[in-house]
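S.K.:
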Amino acid sequence: MRAIVIGGGVIGLSAAYFLQEDGWEVVVLEKGDLTNSCSFGNMGYLSPSHFIPLASPGVVEQGLLWLLRADSPFYVRPSLRWQLIDWGAKFVRACTRTHVERSVRPLVDLLLLSKEETKRWATSGLFDMEYTERGCVIYYNTSKGEQEELATARQAEALGLQATVLQREQARALEPDAQLDVRGGVLYHDDAHLYPNALMEQLPRLLESRGVRLRRRTEVVGLERRNGAIAAVRCRSDETSGPVEERFAADMVVLAAGAWSPQLARWSGEYLPLMPGKGYSVTIERPQRVLHHPCILKEARVALTPWKSRLRIGSTMEVGTMDDRVRLRRVQGILKAVQQYLPGLAEDPGIRTLSDPEVLQQRTWFGYRPLSADGLPYIGFGRKNRNLILATGHAMLGVSLAAGTGRVVAELASGKPVTVPLDAFDPKRFRY
Ligand SMILES: Cc1cc2nc3c(=O)[nH]c(=O)nc-3n(C[C@H](O)[C@H](O)[C@H](O)COP(=O)(O)OP(=O)(O)OC[C@H]3O[C@@H](n4cnc5c(N)ncnc54)[C@H](O)[C@@H]3O)c2cc1C
913 MRAIVIGGGV
923 IGLSAAYFLQ
933 EDGWEVVVLE
943 KGDLTNSCSF
953 GNMGYLSPSH
963 FIPLASPGVV
973 EQGLLWLLRA
983 DSPFYVRPSL
993 RWQLIDWGAK
1003 FVRACTRTHV
1013 ERSVRPLVDL
1023 LLLSKEETKR
1033 WATSGLFDME
1043 YTERGCVIYY
1053 NTSKGEQEEL
1063 ATARQAEALG
1073 LQATVLQREQ
1083 ARALEPDAQL
1093 DVRGGVLYHD
1103 DAHLYPNALM
1113 EQLPRLLESR
1123 GVRLRRRTEV
1133 VGLERRNGAI
1143 AAVRCRSDET
1153 SGPVEERFAA
1163 DMVVLAAGAW
1173 SPQLARWSGE
1183 YLPLMPGKGY
1193 SVTIERPQRV
1203 LHHPCILKEA
1213 RVALTPWKSR
1223 LRIGSTMEVG
1233 TMDDRVRLRR
1243 VQGILKAVQQ
1253 YLPGLAEDPG
1263 IRTLSDPEVL
1273 QQRTWFGYRP
1283 LSADGLPYIG
1293 FGRKNRNLIL
1303 ATGHAMLGVS
1313 LAAGTGRVVA
1323 ELASGKPVTV
1333 PLDAFDPKRF
1343 RY
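Using the working numbering, the letters of the sequence shown correspond one by one to residues 913 to 1344.
Structure below.
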C-alpha cells in the first residue's frame, strides 16, 4: 500500500517516519530541496507548557494595539481577500474561554505524546539534534504579565505539569550573564528543546536509508479524484532537461504542506481556513555570553534558545503575508526586547553586530507558520475523500507536535485506534 505525503516539513517527514514504520510504501513530494522551510529556523521548543491555543481571550485586543506600532511583534496586512476575512472572523469567534477550556486537555495530551516520541528519537542514537530537557522560562516585566503567567502556571499544575515561580532575584541567579531586568518568571520543567536544523537534516537521511522515497523539487500541481477518493497526485519536477510532469497513484494521501495547504485542500474539494503567519529569527554563532535556559520574554513575545555553540532569537507574527520581505523594524523590535529584558546578553559581540541594519538584513531568517482559524492543528480525514488525511495548521507548535502528529496520522491511515483523542483537531470542524 502506497502513501503519498505532500510536503517535506517537520510534519510531513514525521508522518513519513511513522507510516514507513507501520509498513507503508512512502513517497514524500516536496517542492523545495529540503534545506529550508518553516521547520528549520524556528526556536526548537517542545513545549507541553504551550497548552493554551493561539485563539484565546484577549489576543484580538492585544493584536489591535500592536497594529499601531511598526516594531511590534504582530502585523496583519490589510486586505479584502475573502480567505483572510473568513479566517479572521473564525479566529475572533474562537477567542473564548469555552474554546480554551475545551482545547487544553487534548492539546496537552498530544504535546506530551509528541515529546515522548521525540525523546525516543533522541535517545535511540539515530539523531544528534541536541535534544535537551531543561525546561523553558517565561519572564515578565509588568504586573499584568505576572498575573497572567501565574494563572497559566496554576493551570499547568492542574494539568499535571510542573511549574516553579521565580522571584526577580531567583530569575537573575538562573542567568548570571544575562543580567536579567525582569519582575520575575515561571520555569516550566516539562519543556524541552532541540536544534531543529539538525533534525531537519538528519530525518531525511534516516527516511531514505529506510526506503522512503523523498522527491525533492517536485511540486504537487493537481489531485485526481475518483469515487470519493484521491486516485492520483499530479506533480511537476525540475529536471536538468527541463520540467517533467508526473503522476503518482496513491492508496493514502497525507496533506502536510504547511502554509501552502489551503490551495491543495481546495483541489481535493476540502475547505481549510488557514493563513501564513510569518516569523523571523536570527542565529548567533559561538556567543560569548551564556544563556542556560530557553526563555520567552512575555510582553514582547520574543523567544530565545541556547544550544551548545549558538543562540537563536525569534519572534513576530505577520498574518496573511507571503511576500518574502524582511520588515527590518520588526526584527529590530526583537533585539530591543532583548536589550530591555536581558541587558547583559545584549552586550554579546554577536548580538551587537546586529545593530548594523545591513548585517541584520542578511542574517535574518523567516518562515511561514501554518495558522489554523482557532489555534488548533487540523489532523484527520477530510469531508470529501476517504483516503486524504490532513496534517497541518500547527502554527507555533509544529516542532512540539510533529512526532505525535506523525504517529496518529499513521494510526489513522492504518485504521488503528488513535493513541490520543483527535476530536478537537478534526479538520471538518469549520463549515464553508
Ligand atoms: C520564528 C519561528 C519560531 C518558531 N518556533 C517554534 C518552536 O520553538 N516550537 C515549535 O513547535 N514550533 C515553532 N515554530 C512553528 C514551526 O516552525 C511550524 O509549526 C512548523 O515548521 C510547520 O511545519 P510544517 O511541516 O507544517 O510546514 P513547513 O515546514 O512549512 O513545511 C511544508 C512543506 O510543504 C512544501 N510544499 C508546499 N506546497 C507544496 C506543493 N504544492 N508540493 C510539494 N511540496 C509543497 C513546502 O515547500 C514546505 O517544505 C516557529 C515558527 C517560526 C516562524
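Ideal placement from N, C-alpha and C gives every residue a C-beta, glycine not left out.
1) How long is the line joining the alpha carbons of S1090 and L1099, rounded to whole angstroms?
2) Name the one or two DSSP bridge partners that Q1079 has.
3) Quick one: give me the first and last residue of the alpha helix (DSSP H) that K1027 is part of.
4) Name the residue from N954, R1213 and L1240 whose alpha carbon lies nearest to the alpha carbon of Y1107.
5) Output the residue ranges of the alpha helix (DSSP H) runs that lie fully inside the stretch 1193-1276 and measure 4 residues or longer, sorted by chain position.
6) Quick check on the DSSP output: the alpha helix (DSSP H) that includes F986 runs from which residue to which?
7) Can you round the beta-carbon distance between R1148 and V1133 to whole angstroms, since I take them to be within the 8 Å contact cut?
8) Can at least three beta-carbon pairs, one atom from the stretch 1304-1317 and one from the stretch 948-963, be found at a separation below 8 Å?
9) With a threshold of 6 Å, establish whether the CB of H1306 neighbours any heavy atom of ligand 1.
10) Could you tell me if E1120 is buried or exposed, where buried requires 16 or more neighbouring beta carbons within 10 angstroms of its beta carbon?
11) Please confirm whether any heavy atom of ligand 1 lies closer than 6 Å to the CB of P1333.
12) In the DSSP assignment, what are the bridge partners of K1190?
13) Note down, in chain order, each residue of its chain lying with its Cβ closer than 6 Å to the Cβ of G1287, except the 5 sequence neighbours on either side.
14) Using a 10 Å radius around the Cβ and a threshold of 16 neighbouring Cβ atoms, would you call N948 buried or exposed?
15) At a threshold of 6 Å, does I1142 count as lining ligand 1 (C-beta to nearest heavy atom)?
16) Looking only at its chain, what residues have a beta carbon closer than 7 Å to the beta carbon of R1122, apart from the 5 residues adjacent to it on each side?
17) Can you tell me whether R1319 is helix, strand or coil according to DSSP?
18) With burial defined as no fewer than 16 other Cβ atoms inside 10 Å of the residue's Cβ, what is the status of E1329: buried or exposed?
19) Below 8 Å on the Cβ atoms is my contact criterion, and I expect E942 with G970 to pass it. Report the Cβ-Cβ distance as a whole number of Å.
20) Within the chosen definition, does the stretch 1316-1332 reach the stretch 1008-1024 through at least 3 CB pairs nearer than 8 Å?
21) According to DSSP, is A982 helix, strand or coil?
22) Counting only the same chain and skipping the five closest in sequence on each side, list residues whose C-beta sits under 8 Å from that of R1298.
23) For L1324, I'd like the list of residues in its chain whose CB is within less than 6 Å of its CB, leaving aside the five on either flank, ordered along the chain.
24) Mapping the DSSP letters down to three states, classify F1003 as helix, strand or coil.
25) Please return the same chain residues whose Cβ sits closer than 7 Å to the Cβ of R1295, not counting the five positions on each side in sequence.
26) Examine ligand 1 and report whether any of its heavy atoms sits within less than 6 Å of the Cβ of P960.
27) Quick one, are the C-beta atoms of L1266 and L1247 less than 7 Å apart?
28) Quickly, what does DSSP pair M1164 with across the bridge? List them, please.
29) Of the residues G1096, K1027, V972 and I997, which one's Cα is nearest the Cα of L1254?
30) Span of the alpha helix (DSSP H) holding A1063?
31) If you reduce the DSSP assignment to three classes, tell me which class P1155 lands in.
M.R.: If we stick to the structure as given:
1) Numbered from its first residue, the sequence shown carries residue 1090 at position 178. Numbered from its first residue, the sequence shown carries residue 1099 at position 187. It should be pointed out that residue 1090 corresponds to Ala in this sequence rather than to Ser. Roughly 16 Å between the two C-alpha positions.
2) As a working mapping, residue 1079 is identified with position 167 in the sequence shown. When beta bridges are read from the DSSP output, Q1079 appears opposite G1096.
3) Taking the sequence shown and counting its residues from 1, one reaches residue 1027 at position 115. Taken as a continuous stretch (DSSP letters only), the alpha helix (DSSP H) holding K1027 covers R1009 to T1035.
4) As a working note, residue 1107 is residue 195 in the sequence shown. Closest by alpha carbon: N954.
5) 1240-1253, 1255-1258, 1261-1264 and 1269-1275
6) Numbered from its first residue, the sequence shown carries residue 986 at position 74. Boundaries for F986: no alpha helix (DSSP H) harbours it, while the beta strand (DSSP E) harbouring it runs F986 to V988, taken from the DSSP string.
7) If you number the sequence shown from 1, residue 1148 lands on position 236. If you number the sequence shown from 1, residue 1133 lands on position 221. So it is a contact: roughly 5 Å between Cβ atoms.
8) yes
9) Translated into the one-based positions of the sequence shown, residue 1306 becomes position 394. H1306 Cβ: within cutoff of ligand 1.
10) As a first step, residue 1120 is located in the sequence shown; it is residue number 208 there, counting from the start. Per the 10 Å Cβ criterion, exposed.
11) Numbered from its first residue, the sequence shown carries residue 1333 at position 421. Not so, every heavy atom of ligand 1 lies at least 6 Å from the Cβ.
12) Counting from one through the sequence shown, the residue named residue 1190 turns up at place 278. For K1190, which the question treats as bridged, DSSP gives the partners E1230 and Y1280.
13) Taking the sequence shown and counting its residues from 1, the one referred to as residue 1287 is at position 375. Excluding residues within five positions, the ones whose Cβ falls inside 6 Å are P965, L966 and A967.
14) Here the question's residue 948 lines up with position 36 in the sequence shown. A residue is called buried once 16 or more other Cβ atoms fall within 10 Å of its Cβ, and N948, having fewer, is exposed.
15) Taking the sequence shown and counting its residues from 1, the one referred to as residue 1142 is at position 230. Because no heavy atom of ligand 1 lies under 6 Å away, the Cβ of I1142 does not count as near it: no.
16) In the sequence shown, counting from the first residue as 1, residue 1122 sits at position 210. These residues qualify, in order along the chain: Q932.
17) On the sequence shown, position 407 is the one that residue 1319 refers to. R1319 falls in the helix class under three-state DSSP.
18) In the sequence shown, residue 1329 corresponds to position 417, counting from 1. Reading the sequence as shown, one finds Pro at residue 1329 and not Glu. When all chains shown are included, P1329 counts as exposed.
19) By 1-based counting over the sequence shown, the position of residue 942 is 30. By 1-based counting over the sequence shown, the position of residue 970 is 58. No, E942 and G970 are not in contact; Cβ-Cβ is about 38 Å, not under 8 Å.
20) As far as the Cβ criterion goes, the stretch 1316-1332 touches the stretch 1008-1024, which means the pair count is three or higher.
21) Residue 982 sits at position 70 when you count from the first residue of the sequence shown. Here A982 sits in coil by DSSP.
22) Here residue 1298 corresponds to residue number 386 of the sequence shown, with the count starting at 1. Same-chain partners within the cutoff: G1140 and A1141.
23) Walking along the sequence shown from the start, residue 1324 turns up at place 412. Taken in chain order, the residues that qualify are I1301.
24) As a position in the sequence shown, residue 1003 is number 91, starting the count at 1. Helix.
25) In the sequence shown, counting from the first residue as 1, residue 1295 sits at position 383. Here the set comprises E1182 and K1340.
26) For the purposes of this step, residue 960 is taken as the residue at position 48 of the sequence shown. No, ligand 1 has no heavy atom inside 6 Å of this Cβ.
27) Working through the sequence shown from its first residue, we reach residue 1266 at position 354. Working through the sequence shown from its first residue, we reach residue 1247 at position 335. It is a contact, given that the beta carbons lie within the stated cut-off.
28) Locating residue 1164 in the sequence shown gives position 252, where the first residue counts as 1. Bridge partners of M1164: A915.
29) In the sequence shown, residue 1254 corresponds to position 342, counting from 1. When each option's Cα is compared against that of L1254, the closest is G1096.
30) For the purposes of this step, residue 1063 is taken as residue 151 along the sequence shown, with counting starting at 1. Per DSSP, A1063 belongs to the alpha helix (DSSP H) from S1055 to A1070.
31) Translated into positions along the sequence shown, residue 1155 becomes position 243. Note: P1155 maps to strand in three-state DSSP.
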